[in-house]
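For the sequence shown, our numbering gives the first residue as 9, with consecutive numbering after it.
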Amino acid sequence: MGFNNYLPTRVISGKDCVLKYNFTKFGSHAFIVCGKTGAVKSGLLKDLEKTLKSQKIDYYIYDEIEPNPTAVSAHLAGAMAREFSADFIIGAGGGSAMDAAKAAAVFAENEKLTPPQIFTTKITDALPIITIGTTAGTGSEVTPYSILTYMAQNECLHKKSVKSPLLYAKICLCDAKYTMSLDWETTVNTALDTLCHAIEGIYSKRCNDMSRMYSLETVRVCWSMLKKAYWKGVVEKGEISFEIREKLLFASIIGGYVINITGTSYPHTMGYNLTTKKGIPHGKACAVFLSDFVRRMSPFDKESTALLEEAIGEDTLSEFLDAIDNLIGNILVLSDEEARSLAEELADSKALTSAISDITIDDV
9 MGFNNYLPTR VISGKDCVLK YNFTKFGSHA FIVCGKTGAV KSGLLKDLEK TLKSQKIDYY
69 IYDEIEPNPT AVSAHLAGAM AREFSADFII GAGGGSAMDA AKAAAVFAEN EKLTPPQIFT
129 TKITDALPII TIGTTAGTGS EVTPYSILTY MAQNECLHKK SVKSPLLYAK ICLCDAKYTM
189 SLDWETTVNT ALDTLCHAIE GIYSKRCNDM SRMYSLETVR VCWSMLKKAY WKGVVEKGEI
249 SFEIREKLLF ASIIGGYVIN ITGTSYPHTM GYNLTTKKGI PHGKACAVFL SDFVRRMSPF
309 DKESTALLEE AIGEDTLSEF LDAIDNLIGN ILVLSDEEAR SLAEELADSK ALTSAISDIT
369 IDDV
């Protein structure tokens, strides 16, 4: 048995935990980073405002974060947080809002840092971060990563991660009631992201005894709940219960623990290109490559594959992978030229060698 893990975020879960939490320990000025709809539609923003007002905390709402946030928008948020004299940043929403909040916390404390420099400069200072998710899948609540979109020299959009221990949230507040308003499409897209985190972690060269435990529990809970959600939301056309939502959120958080230890592999890196170039939602874009990933990796670690099959439950591994492909549905098919071009963009990516069996650009 061996592991070397650092999981510093305090996770507080339970219904109305936002209303009960004492934010004053972080200061008197809160800067809230969110998008236009998620934090509002879920009821999170209303609860946050109520709590902050009751605790006499001044706050500013920056709601300009777009899906797949850019380094430029995070830079602007950071500048506004600095102007507001923010004591701490709250990332309120899905992965985009939380990732942008992390980057904004860096920009707020580093006035001279430009958007491109956040990818290349060692981060030495950042405002304290609190994360509150409104989706169940990203895991960003508990990771040291901020995934940002930027314009490369070829004038194409690319996704790239920023990593620093200072990007860990001090506090993560988890209340599944904020995921109750998610439609089926978002529910499945984010759950697929959770499954990718877990399974990419199982076959990572950095997998250890603790991350494997997290991965297997993530798969067990997420897959069983996703099937129940499918039956309830798609077959019966009813509301997905709070209990199912809560367990999907739980799976997302422990999937985030997996990322902390192992990082992600090529399904995520290849998926980024489908999102930025073709507009395919992140979780679905990553899951496009999941079946191939498992089939390629499984012969190299039969023990982990057997454990994965146990975690899947009553479905065989083949049935599970077919079901994932069915959940993804029909997506755009790339031309040979497009596929080659997108593959070659990954030539220097560490993700191609992060799994237990490397893949080549031709494989990609």
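Where a beta carbon is used, it is the ideal one built from N, C-alpha and C, also for glycine.
| Item | Value |
| --- | --- |
| Assigned exposure category for Asn197 - 16 Cβ within 10 Å defines buried | buried |
| Whether Cys377 touches Leu298 by CB criterion (7 Å) | Residue numbering for the chain in the displayed model covers 9 to 372; residue 377 lies beyond these limits and cannot be assessed. |
| Residue of Gly241, Ala363, Ala112 minimising C-alpha distance to Ala79 | Ala112 |
| Contact check, Gly145 vs Thr202, beta carbons under 7 Å | yes |
| Residue ranges of each beta strand (DSSP E) within the stretch 155–241, 3 or longer | 165–171, 179–182 |
| Spatially closest choice to Ser62 from Gly99, Asp107, Lys28, Ile262, by CA coordinates | Lys28 |
| CB of Phe308 within 7 Å of CB of Ile364, strictly | yes |
| With 16 other Cβ atoms within 10 Å as the buried cut-off, status of Arg253 | buried |
| Neighbour-count burial assignment, Ser306, 16 or more Cβ in a 10 Å radius | buried |
| Simplified DSSP assignment, three categories, for Val150 | helix |
| Status (buried if at least 16 other CB within 10 Å, exposed otherwise) for Tyr14 | exposed |
| Thr187 versus Thr361, Pro289, Ala47, Asp371, residue with shortest Cα-Cα distance | Ala47 |
| Segment contact, 8 Å Cβ cut-off, at least three pairs: the stretch 169–179 with the stretch 130–144 | yes |
| Separation of Ile367 from Gly271, as counted between CA atoms | 17 Å |
| Burial state of Asn6 (16 or more Cβ within 10 Å) | A question about residue 6 goes unanswered here, because the residues of the chain that appear run from 9 up to 372. |
| Touching by the beta-carbon criterion (3+ pairs, under 8 Å), the stretch 69–87 and the stretch 101–121 | yes |
| Cβ neighbour criterion (16 or more within 10 Å) applied to Asn281 | buried |
| Coil, strand or helix - Trp355 by DSSP | The sequence shown places Ala at residue 355, not Trp. Here Ala355 sits in coil by DSSP. |
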